[in-house]
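Residue numbering for the sequence shown is 42 to 259, as defined by this note's numbering. From the three backbone atoms N, C-alpha and C, an ideal C-beta is built for every residue, glycine too. Computed from a predicted structure; not experimentally measured. Right, one structure below, let's go through it.
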Amino acid sequence: MSKDRIKVIGPWLAWGDHVRRGQMVRPDGSASLVLLRAHPESESTPSLRKDGRLLATIDEPGVLRLLHITKASGHPLWVYDGFEAVSMGRVLQVLGVQGEYLPIHTCLDLVAAAADGVSAALAAELSASEDGSQPPTVYHPGVAPSELLLDISGRVKVAGFRVRRGDSAPGPASAAYSDPSVAQDDAAGAVYSLGTLLVHLLSGEAPAGGNADPERHA
């Protein structure tokens, strides 16, 4: 059976160092732009492909659509819809060099849009497991600025969602953007993560950068 073919066009540094812009050609000859995000630190496992198929069912305006998860050079590759946008991580890098900050109302609008995307994704109902066990759930390991994308028309989308199965523990989280006292797929965990995102956007400083002072970190 024919499969989709992916052609890499070039880097998409507006999002991150490990993101490429590509073209996905389907068996019928139709083609669409895609963004290819590699995670060199991750290992490719059979369950990741299943996760990709589940996450591909989430089609919400505030969520960057994942088409599937494949493998390249022995590592997993997330294939996303071709949303040509800049990550807020890149924006903060540029502002930091210039000694500038985002306007407060812009920070609030961005986090409000991120909250809409996260809420929609966490509420998504995934297909039940083949063995009849509890249906998988969606969670986010930490909404860092690198997971928040903004395009030229002002649309905001959140990337980086993962799947948790049954009673298994969620995968590794971003220490700066997740609360170790609550579950990552818990609503309180999402609120904490969005709160740290807001602090980062307002201050230009990653949450982990303030942990020398416990009171300030809290």
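Check: Can you find a C-beta in chain C that's less than 8 Å from the C-beta of S83?; Outcome: The question asks about chain C, but that chain is absent: this structure has only one protein chain.
Check: To which residues of the same chain is E125 closer than 6 Å at the C-beta, ignoring the five residues directly before and after it?; Outcome: none
Check: Which first and last residues belong to the alpha helix (DSSP H) in which Y233 is found?; Outcome: 228-244
Check: So, V204 versus H181, is the Cβ gap smaller than 8 Å?; Outcome: no
Check: In the structure shown, what three-state DSSP assignment does P117 receive?; Outcome: strand
Check: If you measure between the beta carbons of K198 and L105, is that distance less than 8 Å?; Outcome: yes
Check: Please classify E141 as buried or exposed, where buried requires at least 16 neighbouring CB atoms within 10 angstroms.; Outcome: exposed
Check: List the endpoints of the continuous beta strand (DSSP E) containing Q64.; Outcome: 60-66
Check: If I measure Cβ to Cβ from S234 and keep anything under 7 Å in the same chain, skipping five residues before and after, which residues do I get?; Outcome: H181, G183, V184, Y218, S219
Check: In its own chain, which residues sit with a C-beta less than 6 Å from the C-beta of R78, not counting the 5 before and 5 after it?; Outcome: V60, W119
Check: Grab the span of the alpha helix (DSSP H) containing S88 for me, first residue to last.; Outcome: 87-96
Check: Rank I193, P248, Q139, L238 by C-alpha distance to the C-alpha of L149 and give the top, closest one.; Outcome: L238
Check: Taking only the alpha-carbon atoms, compute the straight-line gap between P176 and D100 and give it to the nearest angstrom.; Outcome: 18 Å
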